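*Asks:* So that we are looking at the same thing, I have put the structure below in structure tokens.
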Amino acid sequence: MGRGGNRRPRRRAARSPCGHDRRRRRVQRRLPLRPAARAHAPRLPADRQLCRRAIDARRRRRRVAAAPTRAAVVKIAVVGGGGVRTPLLVAGLTASDLPIDEIALYDIDQPRLRVIGAVAAKMAARGRVAPCASLDACLSGADFVFTSIRVGGIERRVRDEAAAQRHGIAGQETVGPAGFAMAARTIPEMVRYARQIARAAPRAWIVNFTNPVGMVTEAMRSETDRAIGICDTPTELFERTAHALGLRPDRCYFDYFGLNHLGWVREVYADGAPQLDRLWRAPERLRAIYKAPLFDADALGELKLLPTEYVYYYDRRTTNICARATRATCGWRPSRRSRRPRRSRRRPRISRVTTRSRSPSSARFTSTPMRFCRSAS
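Counted the way the numbering used here counts, the sequence shown spans residues 89 to 465.
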């Protein structure tokens, strides 16, 4: 038959049960004529579907079913959960698309926690709100820990702010002498909490809301690197500025410098173009940025800067007049709504504050208590 007659007949390529040509390994040569029966079966929820491994034809492995996987669930712990803002926090978190399974609340004031916890549970869109009797139970298994406490309560805030006003300085819990006193009381406790959180929930991130946020968060990071501080003051200024300009905040870029309570917006950009010149030419829009007339629009137009509302407290001339005008501390107003016994709600006596007039060259900045000082001279 000649040379070609010695050839062996060519065998058909072996095929795997799922239709793959083993000779070409990963090329599917034919498709099944009938759709799979399970194609019309009801689809399982995402957290109940089985994972399938790819075929390794070289080693002749077939697809096998792996263990079912569930979507990750999140537990959030709130230290200081007896605060009046806790129900709003719970409502906002559970209304988001985060896979929150449980929000655990802890507070040293257990009777107050039970009341706030019941309100928070009614406002929760989903998940479980669990008031805890111990800190360890609250932190166990937590993925995130929110910290929002006030060491000494509202009574200590009233005393601090009243003492500042007696010396001609407006009392405020995050700046000046009152802010320093609050930091001195709060930092040791927050460092202790950071140490306990790092031990009970080492993989949890700490989100600190406790004032003064900057100093407290910096101190907490001496115990753990998984700590961040949140302050909404700059963000609120961004949103109000964008609204005054008729722009969407998410379409703007804000050139901001300074700290959270001592900062300024230098420029706002939309589509790469600066926008603040429109505000300097429209004082009525400029005044609408702030909830109260804290700063003079003409002075801000000369400075070409938009300060945060807390800059108001750093101007000594402004704070002196503010202390004389209010004759009450910021902490006194919320303390009147407290359910403490009447003897603990006694209004502090604040001495009258007098101020000295400035030189004529600076009178333009001091003729009203609501002007922004461009220098400390």
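C-beta atoms are modelled at their ideal positions from N, C-alpha and C, and glycine is treated no differently. Please read all numbers here as calculations on a predicted model, not as lab measurements.
Hey, how far is the Cα of ILE196 from the Cα of LEU393?
*Replies:* Here residue 196 refers to the residue found at position 108 when the sequence shown is read from its first residue. Here residue 393 refers to the residue found at position 305 when the sequence shown is read from its first residue. Straight-line Cα distance between these residues: approximately 43 Å.
*Asks:* Do the region 192-212 and the region 248-267 make contact, defined as three or more Cβ pairs closer than 8 Å?
*Replies:* Contact between the region 192-212 and the region 248-267 is absent, because fewer than three Cβ pairs lie under 8 Å.
*Asks:* Return the residue from the list LEU223, ALA160, GLU243, GLY240 that minimises the CA-CA distance to ASP234.
*Replies:* Position 146 of the sequence shown, counted from the start, is the residue given in the question as residue 234. Here residue 234 turns out to be Phe, not Asp, going by the sequence shown. Minimum Cα distance to PHE234 is reached at LEU223.
*Asks:* Alpha carbon to alpha carbon, how far is ALA192 from MET303?
*Replies:* As a working note, residue 192 is residue 104 in the sequence shown. As a working note, residue 303 is residue 215 in the sequence shown. About 26 Å.
*Asks:* Which residue spans inside the region 276-300 form an unbroken beta strand (DSSP E) run of at least 3?
*Replies:* With a minimum length of 3 residues, the continuous beta strand (DSSP E) runs that stay inside the region 276-300 are 293-296.
*Asks:* Whole angstroms are fine: how far does the CA of ALA330 sit from the CA of ALA380?
*Replies:* By one-based count along the sequence shown, residue 380 stands at place 292. By one-based count along the sequence shown, residue 330 stands at place 242. Roughly 18 Å between the two C-alpha positions.
*Asks:* Between THR298, GLY256, GLY170, GLY205, which lies nearest to PRO276 when the distance is taken from Cα to Cα?
*Replies:* Position 188 of the sequence shown holds residue 276. For PRO276, the nearest C-alpha among the options comes from THR298.
*Asks:* Is it buried or exposed for PRO290, if we count other Cβ within 10 angstroms and need 16 for buried?
*Replies:* Taking the sequence shown and counting its residues from 1, one reaches residue 290 at position 202. PRO290 is exposed by the Cβ-count criterion.
*Asks:* If you draw a straight line from the alpha carbon of CYS340 to that of VAL356, how long is it in whole angstroms?
*Replies:* As a working mapping, residue 340 is identified with position 252 in the sequence shown. As a working mapping, residue 356 is identified with position 268 in the sequence shown. Each residue's alpha carbon lies about 7 Å from the other.
*Asks:* Can you tell me whether ILE204 is helix, strand or coil according to DSSP?
*Replies:* Here residue 204 refers to the residue found at position 116 when the sequence shown is read from its first residue. In this structure, ILE204 counts as helix in the three-state DSSP scheme.
*Asks:* If we ignore side chains and look at the alpha-carbon of each, how far apart do PRO176 and VAL166 end up?
*Replies:* For the purposes of this step, residue 176 is taken as residue 88 along the sequence shown, with counting starting at 1. For the purposes of this step, residue 166 is taken as residue 78 along the sequence shown, with counting starting at 1. Pro is not the amino acid found at residue 176; the sequence shown has Leu there. Rounded to whole angstroms, LEU176 to VAL166 spans 13 Å at the Cα level.
*Asks:* Report the rounded CA-to-CA distance for ARG309 versus LYS210, giving the unit in angstroms.
*Replies:* Locating residue 309 in the sequence shown gives position 221, where the first residue counts as 1. Locating residue 210 in the sequence shown gives position 122, where the first residue counts as 1. The straight-line gap from Cα to Cα measures roughly 35 Å.
*Asks:* Between PRO337, LEU181, ILE164, which has its C-alpha nearest TYR194's C-alpha?
*Replies:* Reading the sequence shown from its first residue, position 106 is the one you call residue 194. Looking at the Cα atoms, ILE164 is the closest of the given residues.
*Asks:* To the nearest angstrom, how far is it from the Cα of ALA230 to the Cα of GLU243?
*Replies:* Here residue 230 refers to the residue found at position 142 when the sequence shown is read from its first residue. Here residue 243 refers to the residue found at position 155 when the sequence shown is read from its first residue. Computed Cα separation, rounded: 32 Å.
*Asks:* Would DSSP call VAL161 helix, strand or coil?
*Replies:* Translated into the one-based positions of the sequence shown, residue 161 becomes position 73. Correct three-state label for VAL161: coil.
*Asks:* Grab me the residues of PRO255's own chain with a C-beta within less than 8 Å of its C-beta, minus the 5 sequence neighbours each way, in chain order.
*Replies:* For the purposes of this step, residue 255 is taken as residue 167 along the sequence shown, with counting starting at 1. The residue you asked about is not Pro; residue 255 is His in the sequence shown. These residues qualify, in order along the chain: PRO265.
*Asks:* Within this structure, are the beta carbons of THR182 and ALA206 separated by less than 8 Å?
*Replies:* The residue you call residue 182 lines up with position 94 of the sequence shown. The residue you call residue 206 lines up with position 118 of the sequence shown. Not in contact: THR182 and ALA206 (Cβ atoms no closer than 8 Å).
*Asks:* Beta strand (DSSP E) containing CYS340: first to last residue?
*Replies:* Residue 340 sits at position 252 when you count from the first residue of the sequence shown. 340-346 is the extent of the beta strand (DSSP E) around CYS340.
*Asks:* Let me check understanding here. Comparing Cα to Cα, which of ASP343, ALA179, LEU391, MET270 lies closest to ALA361?
*Replies:* For the purposes of this step, residue 361 is identified with residue 273 of the sequence shown, where counting begins at 1. Closest option to ALA361, Cα to Cα, is ASP343.
*Asks:* Quick check on this structure: which residue in VAL162, ASP313, GLY351 has the alpha carbon closest to the alpha carbon of LEU325?
*Replies:* Along the sequence shown, read from residue 1 onward, the residue named residue 325 stands at position 237. Of the candidates VAL162, ASP313, GLY351, the one whose C-alpha sits nearest the C-alpha of LEU325 is GLY351.
*Asks:* Which runs of the alpha helix (DSSP H) spanning at least 4 residues fall entirely within the region 341-399, listed in chain order?
*Replies:* Qualifying alpha helix (DSSP H) stretches, in chain order: 365-368, 371-376, 385-391.
*Asks:* Going by C-alpha distance, which of ASP313, ARG283, GLU327, LEU347 is nearest VAL301?
*Replies:* Start at 1 with the first residue of the sequence shown, and residue 301 comes out as number 213. Taking only the C-alpha atoms, the option nearest VAL301 is LEU347.
*Asks:* ARG245: buried (16+ other C-beta within 10 angstroms of its C-beta) or exposed?
*Replies:* To locate residue 245, count along the sequence shown from 1; it is residue 157. Buried.
*Asks:* Enumerate in chain order the residues of its own chain whose CB-to-CB distance from ARG114 is below 6 Å, with the five nearest sequence positions on each side excluded.
*Replies:* Residue numbering aside, residue 114 sits at position 26 when the sequence shown is read from its first letter. At ARG114, the pLDDT of 47 sits below 50, so the modelled position is not reliable; the number obtained from the coordinates is stated separately. Contacts found: none.
*Asks:* With distances taken from CA atoms, which of GLY241, VAL172, VAL295, SER236 is nearest ILE316?
*Replies:* Position 228 of the sequence shown, counting from 1, holds the residue named residue 316. Per the Cα distances, VAL295.
*Asks:* Which same chain residues, not among the five before or five after ASP359, have their C-beta less than 6 Å away from its C-beta?
*Replies:* What you label residue 359 is simply residue 271 of the sequence shown in a count that begins at 1. Correct list: empty, nothing qualifies.
*Asks:* With a 10 Å radius around its C-beta and 16 neighbouring C-beta atoms as the bar for buried, classify PRO187 as buried or exposed.
*Replies:* Within the sequence shown, the letter at position 99 stands for residue 187. It counts as exposed.
*Asks:* Note down, in chain order, each residue of its chain lying with its Cβ closer than 8 Å to the Cβ of ARG366, except the 5 sequence neighbours on either side.
*Replies:* As a working note, residue 366 is residue 278 in the sequence shown. Taken in chain order, the residues that qualify are LEU333, ARG373.
*Asks:* Please report the straight-line C-alpha distance between LEU227 and ILE257, rounded to a whole angstrom.
*Replies:* On the sequence shown, position 139 is the one that residue 227 refers to. On the sequence shown, position 169 is the one that residue 257 refers to. Computed Cα separation, rounded: 40 Å.
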